[in-house]
Structures are given as structure tokens and as C-alpha cells.
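In what follows, a structure is listed as C-alpha cells, so that the remarks can point back to it.
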Amino acid sequence: MSYEQKIKDLMVSLEDYPHVPFWFSLEQAAVIAREAAIKFEGVFEPRAILVFDEKYHLVGILTLKDIIRGLQAELFDKSGMALAGFSWRDLTGPDLQGRAQKAVSEVMSPISVTVDADTPLVTALSLMIKDNLERIPVLENNRVIGILRITDLFREISDALLAETKL
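So the sequence shown is numbered by numbering that gives the first Met the number 0: it starts at 0 and just counts up by one.
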């Protein structure tokens with residue numbers, strides 16, 4: 000790993016990362032998530048979808064957990080525990096299609112942190128740890144150009160660690 004490496008050297012470009020408009024339904028977002036899993040060789044990575052407004056401004060992020068939370072809202076209490084008497088069939092049964100029409104904007108998480116493409120990797124890593132983030136949108140000239148994932152940073156760190164142990 001080069002100590003001069005910047006975020007733009009490690010990020011996933013926006014063209015390669017799933018993103019949707021805020022008015023898409025949870026069903027449409029689930030389709031995008033599944034297509035991304037196939038693109039990324041069957042692994043559910045990426046585990047989030049960027050959400051944009053009509054002017055292509057980033058407004059939120061939709062994780063797989065957000066999608067599931069949106070689909071099951073009426074079946075679980077505020078702590079996330081299933082209400083008494085509900086089963087897996089209640090979650091995946093005939094009412095699922097109706098719940099899946101909810102707009103992603105109803106369940107997405109707001110973006111709390113972004114970084115500039117020229118930001119040093121150590122700064123991004125420190126933000127991710129401090130704010131408990133799995134991914135951070137990357138900006139260039141105030142426009143989203145990609146996303147940096149903690150898994151990419153971990154891979155770089157583990158490569159460096161393994162290279163050091165082989166010396």
C-alpha cells in the first residue's frame with residue numbers, strides 16, 4: 000500500500016455502484032440490490048444503494064437492513080423484536096408486495112459524512128471508525144463520484160500486514 004494513496008485510488012466509482020432515485024419503491028431497490036450481487040459475483044456486496052434526488056444530488060443511503068426494516072415495519076416493535084403471534088410467513092406472505100411499494104425515501108438513512116476524492120485514506124478510515132460507518136460517499140467538485148467502503152480499506156491494511164509478516 001502506498002502511503003501517498005488517496006481515496007480516489009481505492010473507491011468504487013459511481014458507475015459501478017448501485018444507485019436509485021428517491022421515489023423508487025423498495026421492490027425496485029431490491030431488484031437493484033440483487034443485480035449488484037450478481038455483478039459482484041454473487042456476494043451481497045455492495046450492501047447499500049445510494050439514493051439521489053431529481054437533480055442528482057445525494058440525499059441518502061439505503062442499506063439491506065433499511066430495505067428489510069421497510070418491508071417488516073408493521074410486524075416488529077421499535078426494538079426490532081417480532082410482535083407476538085407473527086411468523087416468517089407473515090413477513091414473506093401475500094402482504095409483502097403491498098409493503099414493497101413504499102418509497103425508498105421513507106426508510107433510507109441520511110448521509111452524515113462525505114469525503115473529497117483527494118482526502119488521505121487515513122482520514123477516511125478515522126472518520127469511518129469514529130462515526131461507525133461501513134461506507135462513505137466520495138465527492139469531487141461537490142459531485143458524488145464514488146464510494147469508499149471499509150472492506151476496501153481493510154483489504155489494503157491486511158495486505159500491508161501480510162506483506163510485513165513475510166519479511
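Glycine is no exception: its CB is placed at the ideal position from the N, C-alpha and C atoms.
Nothing here was measured: the structure is a model prediction, and the numbers come from that model.
| said: Just to confirm the assignment, what range does the beta strand (DSSP E) spanning T62 have? | reply: Taking the first residue of the sequence shown as 1, we reach residue 62 at position 63. Element bounds for T62: 57-62.
Worksheet entry | Proximity below 9 Å, CB of P136 to CB of K5 | For this step, residue 136 is matched to residue 137 along the sequence shown. For this step, residue 5 is matched to residue 6 along the sequence shown. No, the pair does not count as a contact, with Cβ atoms beyond the cut-off.
Exposed or buried, H170, counting other C-beta atoms within 10 Å across all chains shown (16 or more means buried)?
Limits of the chain in this structure are 0 at one end and 166 at the other, which puts residue 170 out of reach.
*asked:* Can you list, in chain order, the residues of its chain with a C-beta nearer than 8 Å to that of K7? Leave out the 5 residues immediately preceding and following it.
replied: As a first step, residue 7 must be located in the sequence shown, where it is residue number 8. Hits under 8 Å: A116, D117, V137, E139, I144, G145.
So what does DSSP say about L95, is it helix, strand or coil? Counted from its first residue, the sequence shown places residue 95 at position 96. Note: L95 maps to helix in three-state DSSP.
| Does the Cβ of A162 have 16 or more other Cβ atoms within 10 Å, making it buried, or fewer, making it exposed? | Position 163 of the sequence shown holds residue 162. It is exposed - the Cβ of A162 has fewer than 16 other Cβ atoms within 10 Å.
- Item | Cβ-Cβ separation, I60 to V50 (assumed contact under 8 Å), whole Å | Locating residue 50 in the sequence shown gives position 51, counting from the first residue. Locating residue 60 in the sequence shown gives position 61, counting from the first residue. Rounded to the nearest angstrom, the Cβ distance from V50 to I60 is 6 Å, consistent with a contact under 8 Å.
**Asked** Can you name the start and end residues of the beta strand (DSSP E) that A47 belongs to?
**Response** Residue mapping note: residue 47 aligns to position 48 of the sequence shown, counting from 1. Where A47 is concerned, the enclosing beta strand (DSSP E) stretches over 47-51.
task = Keeping to the same chain, check which residues put their C-beta closer than 6 Å to that of L126; ignore five residues upstream and five downstream.
result = Within the sequence shown, residue 126 is the residue found at index 127, counting from 1. Taken in chain order, the residues that qualify are V112.
Exercise. When the Cα of E15 is compared with those of Q100, L25, A32, which residue comes out closest?
Worked result: In the sequence shown, counting from the first residue as 1, residue 15 sits at position 16. It is worth fixing the name first, because residue 15 is Asp in this sequence and not Glu. Ranked by Cα distance from D15, the options Q100, L25, A32 are led by A32.
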